[in-house]
Every structure is written in structure tokens, then in C-alpha cells.
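Under my numbering, residues 115 to 587 are what the sequence shown spells out, in order. All residues carry an ideal CB built from backbone N, CA and C; glycine is no exception. This one's a predicted model, so the numbers in the text were calculated from it and none came from an experiment. Taking it in order: structure first as C-alpha cells, then the write-up.
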Amino acid sequence: MRPIPRSSRFANGGVSFWFRDGGLPERRAPLPGGADYDVCVVGAGYTGLWTAYYLKKDQPDLRVAVLEREFAGFGASGRNGGWLSADFSGSREDYARSHGKAAMVALQRALMATVDEVVTVAGAEGIDADIVKGGMRLVAANAAQHERLERQIEYLQEWGYWPDDIHMVGPDHEPRLSVNGAVASGYSPHAARVHPAKLVTGLAGVVEAMGVEIFEDTAVTEIRPRSGSERPAVVTEHGTVHADHVVRATEGFTSTLRGQRRRWRPMYSSMIVTEPISAELWEGIGWEGREVLGDTAHSYIYAQRTADDRIAIGGRSGPQRIGFSEDNEGATQPQAIAELWRSLTRMFPDLVDVPIEHAWSGVLGVPRDWSPTVNLDAESGLGWAGGYAGSGVATSNLAGRTLRDLVLGRSTDLTRLPWVGHEVRGWEPEPLRWMGTQVVRGLYRTADRRESRTEGKGHTSRLADLATRMPGN
Ligand SMILES: Cc1cc2nc3c(=O)[nH]c(=O)nc-3n(C[C@H](O)[C@H](O)[C@H](O)COP(=O)(O)OP(=O)(O)OC[C@H]3O[C@@H](n4cnc5c(N)ncnc54)[C@H](O)[C@@H]3O)c2cc1C
């Protein structure tokens, strides 16, 4: 295999490439000691910060604190692929079973509107996150993927996307984006490219300026429910915070909290980014529209053209780890880098000599049914949101607005959405769940290889069907 060209500035980890230019943010002071708030949020990613933002915006007198183990944006919110999209990982049929189909359609429509909500709020609050709403392009690289893409689009059109919201496009679709080997493409206008770290650090600054207190370097060791006259409490090494409501916004890290070990499986996703690409090479590719780009392989990738003209591409490449890994600096495995580079150069062969400048990984949270949730238990005073399973950039904003309404005791269109209160059983213990993941990934990879060899009319490989039917997938 051809060696992967690496930049002389190549780095692996360091949280993520997105912090590279500005450097890791200076940390805010930790919690100074025991304290009392109306609402205490644990975790300063998008979920926690959007929740704090909407609460404070609605009720400026509310005393809100955010406690963060590292710094705002340290988790997936500062590492992701920057797809601000209406993508939703949950089972539409399950939500429809409990709430009716119209409620699921309303959730999908709400997610599309959320893309615009984030773009609008970022603009209004002066958060410069390199946002371009160019939509989403999905490409199929063989006949089986083509068939799957068409089926997926038809399916989505039954569940809240109207034909204008997602459809197939021809090879002459403008603005041009030339992906080598693409036999078919789909397009949705409901997506924007963002710079993830600028969004999360900008949001933290806005929230703080509104009067929310953010304490960093403050690890929460326990969250206690209301008990008799004892209010809910958040225990940290620096003291205990009492509050009327506590919101857990720790997504992929949730399994490290007491009593939450099997709730959401920590799953790792990796990314690489190229050096800035020359104007000459961009001429061949196009991509003037800055759409976010994905494919329809079972081991799918997600990509964006960055504001400084690189390509950042990610996927669930490389071996998954058993349980939660404390390797928090975000280094990824050589195998993940190699797989992502192969995907990049398969799609854009002219980039074979463009060096890779940075590689990293991050952790996201996956419920056993892959269906995210927003919840507030009135009795215990505890709320939570997450389990976005890799589609959390927009979803976390919708979750934040919903948590606002739940905490303020309102019954609204948001609190009636079918993911509110959704519960599912926990995962099997390790190493069982890890073994299951390895089997599923192996089947998908073999299915991708087989599908890439079929000519003419293609169908999804039976191995992929088998993987999809496996429990917990
Ligand atoms: C590599 C990668 C690429 C992705 N790409 C996309 C994408 O393109 N589009 C998309 O929609 N989604 C994407 N996702 C998923 C998306 O980034 C997440 O769903 C979203 O950021 C979750 O936000 P969050 O605030 O819930 O969690 P996080 O951003 O993970 O925040 C949780 C915070 O809690 C803190 N914390 C954890 N434990 C404690 C504790 N004990 N005490 C105090 N604080 C604690 C953490 O330090 C962290 O800052 C991607 C994820 C990864 C990892």
C-alpha cells in the first residue's frame, strides 16, 4: 500500500484539530466550594450549554451553574465532523408505536427547523463558527449503495421529509461536487457546515456573559436525586452543589458516572484532516457549495470542506475499545487513519499526495436501541438528554430547548415530542457488548467489500442485513 503522506506538522490527538489554531482554551476556575443554584448542569458540551442558554434567556433571574470536568468543548462537541444536520439515529417506528406517526413526523420537522435555529442564534449572538448552510450531499459508490440510497430517501419521505427536503440529484447538480466513482447522489438542503469548536467555545462565552456560572476542572463524582426534604445534589471534589433541578449532559462519558455504567455505550469515532488543498486541485473537485458530504457504505464516512480549504473526514474506523477509555486526549489508532485516508483518496484520487495534518477521535453515547432521549423526572429532580449516537450537533439544541420547557414545568409542542421520556433497557455488560460490536463491524466491512465488487443491479449484502438484525444494533 502507498504510504500515507503526513504533514511535517502532523499531530494525533491534542483533543482535536479544531482547537489547533486557537490552542486549547484557558480553563475557567473550578467550583470554589459548596453552593446552591436553581439549576445545575453537568457537562459543558452543546447539550449542557444549550440548556443553560435557553433557561437563562427565558428566565434571566434563574441561577444556573454548569460544572465541567475539563473545559467547555472537551468532549464530542469540540471534536465532531461539523455536520449540523437534521439526521436522527432513532427508530422512527418505535417512537411512532408509542406516540403515533404524526408525532414522529413532528420530531423530524422540528429537527429540520433546528438547523435554522442554530444558524440564527449563532448569528444573533455573534458566534463566528464558520457556518455555511450548503445542505447535505450523500453519494453512492456502487449499485447496492445506489439502491439503498433510493430506498432511504423514499423511507425518509414517509417520515417527515417532503420531496423538497431530500431527493435524488443528477450528475449535473449545481453547485458541482465531483466524487470519484459516485454512481448516484442525494441532496437535502437541511444541513450546514460548522466549525465545532468555535461553536461550542463561542456558546460557552455567550452563556457566561448572560450570567450562567461555568466551573471547569470540576469533576462530578455523583449525582443524587431529591430525597425527602433533601434537594437534588451534585457531588464534586471541590464541594457539593444543591439545586432544584440537575441536568446530566455528559453523553459519551455517562457510563463513568455512578449507576449509569450500562445506560449508553461509549462509541469512538475518528477523523483526519488534510493540509489546505490548492486552488488547482479544488478546481477538479468543485465543492463550492460547502455541503456536508456523506456516503452510503455500511461503514459510512462524513466529511466537510473547511473554511480554510481542507477536507476533514471521519467515520467509525479502526478497532472499537472495550468500555470507556480514559485516553481522553483524543489520539486515534493507525488503522483508523489508514481507513479514513483510503476513503478520502477513493473519493478524491487527485489528493493522494496531499499530506494529512491531524488525526483525532472522540466518544459519543449510544443507547441500546440507538434512539436518543430527553427526560426530566419530576420526583427526583434529575433531567438528562443524549444518546444521539453520532447525530448530536443539531439534536442537542432541540434537547436544550426541550429541557428548558421541562425544567420550567411547561407543557409545549417540544415536551410532547416522542423522544421525551423515552427509555430503553441498558446494554449487556462488557466484554459482551464489545464482542457484539466487533461482529457487527466485521459483517458490515465484508458487506461493503462484496457490494463494491457487484456490477449492474445491486442489492444490499445479506451480511449487512444480518448485522442490522443483531440485538443492540
Ligand atoms: C469524532 C466525532 C464526530 C462527530 N461528528 C458529528 C457530526 O458531524 N454531526 C453530528 O450531528 N454529530 C456528530 N458527532 C456527535 C456529536 O458531536 C455529539 O452527539 C454531541 O457533541 C454531544 O454533545 P454533548 O454536549 O451531549 O456531549 P459532549 O460534547 O461529549 O459533552 C459532555 C461533557 O461532559 C463533560 N463531563 C463528562 N463527565 C463529567 C463529569 N463526571 N463531571 C463533569 N463533567 C463531565 C465532558 O468533559 C464533556 O465536556 C460526532 C462525534 C464524534 C466523537
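Tell me whether residue i is buried or exposed, calling it buried when 16 or more other Cβ atoms sit within 10 Å of its Cβ.
i, result
"R419", "buried"
"P285", "exposed"
"Y416", "buried"
"S575", "buried"
"T335", "exposed"
"M549", "exposed"
"W541", "buried"
"Y382", "buried"
"G237", "exposed"
"G274", "buried"
"V466", "exposed"
"G573", "Sequence inspection shows His at residue 573; the Gly mentioned does not correspond to that position. Burial call: exposed."
"S384", "buried"
"Y160", "buried"
"E207", "exposed"
"S212", "exposed"
"W484", "buried"
"R482", "buried"
"E389", "buried"
"D135", "exposed"
"Y269", "exposed"
"T234", "exposed"
"A411", "buried"
"S457", "buried"
Tell me the DSSP secondary structure of residue i in three-state form.
i, result
"P184", "Residue identity check: residue 184 is Glu in the sequence provided, not Pro. Coil at E184, not helix or strand."
"W591", "Coverage of the chain is limited to positions 115 through 587, which leaves residue 591 absent and any answer about it impossible."
"S475", "strand"
"D409", "strand"
"H281", "strand"
"G514", "helix"
"I241", "coil"
"G556", "helix"
"A254", "strand"
"V308", "coil"
"Y269", "helix"
"A417", "strand"
"V153", "strand"
"A393", "helix"
"R539", "coil"
"A236", "helix"
"L496", "strand"
"R134", "coil"
"L577", "helix"
"R564", "helix"
"V534", "strand"
"R120", "strand"
"L145", "coil"
"V521", "helix"
"L528", "coil"
Please confirm whether any heavy atom of ligand 3 lies closer than 6 Å to the CB of residue i.
i, result
"A227", "This structure simply doesn't include ligand 3; it includes ligand 1 instead."
Kindly confirm or deny that the region 173-185 and the region 149-162 touch, where touching means at least three C-beta pairs closer than 8 Å.
Segment contact: the region 173-185 against the region 149-162, three or more CB-CB distances shorter than 8 Å; contact assigned.
Inter-stretch contact (C-beta, 8 Å, three-pair minimum) for the region 519-534 and the region 246-261:
No, they do not touch.
Quick check: the region 376-388 against the region 210-224, are at least 3 beta-carbon pairs closer than 8 Å?
No: the two stretches stay apart, fewer than three of their Cβ pairs being nearer than 8 Å.
Could you tell me which uninterrupted beta strand (DSSP E) segments, each at least 3 residues in length, are contained entirely in the region 314-390, listed from first to last along the chain?
With a minimum length of 3 residues, the continuous beta strand (DSSP E) runs that stay inside the region 314-390 are 327-329, 334-338, 347-350, 353-362, 379-388.
Could you name each continuous alpha helix (DSSP H) segment of 4 residues or more that falls completely within the region 160-234, going from the start of the chain to the end?
Counting whole runs of 4 or more residues, the region 160-234 contains the alpha helix (DSSP H) stretches 160-172, 206-213.
Specify whether the region 279-299 and the region 311-324 touch according to this definition: at least 3 beta carbon pairs, one from each stretch, less than 8 Å apart.
No, the region 279-299 is not in contact with the region 311-324.
Check whether the region 470-482 touches the region 120-130, counting contact only when three or more Cβ pairs, one atom from each stretch, lie closer than 8 Å.
The answer is yes - the region 120-130 touches the region 470-482, with three or more Cβ pairs under 8 Å.
The region 326-335 touching the region 293-306, judged by at least three CB pairs closer than 8 Å:
No: the two stretches stay apart, fewer than three of their Cβ pairs being nearer than 8 Å.
Touch check for the region 494-508 and the region 192-210: three-plus C-beta pairs under 8 Å?
Proximity of the region 494-508 to the region 192-210 meets the contact definition, three or more beta-carbon pairs being nearer than 8 Å.
Whole alpha helix (DSSP H) elements within the region 449-493, 4-residue minimum
DSSP runs (the alpha helix (DSSP H)) wholly in the region 449-493: none.
Three or more C-beta pairs closer than 8 Å, one from the region 523-538 and one from the region 484-497: is that the case here?
Touching, yes, given that three or more Cβ pairs across the two stretches are closer than 8 Å.
Stretch-stretch touch, CB-based, cutoff 8 Å, three pairs: the region 355-369 with the region 491-499:
Taking 8 Å as the limit for Cβ pairs, the verdict is that the region 491-499 does touch the region 355-369.
Taking three-plus beta-carbon pairs below 8 Å as touching, is the region 248-263 in contact with the region 315-333?
Result no; under three Cβ-Cβ pairs closer than 8 Å.
Are the region 336-356 and the region 178-189 touching, with three or more C-beta to C-beta distances below 8 Å?
Taking a cut-off of 8 Å on C-beta distances, the region 336-356 touches the region 178-189, as three or more cross pairs fall below it.
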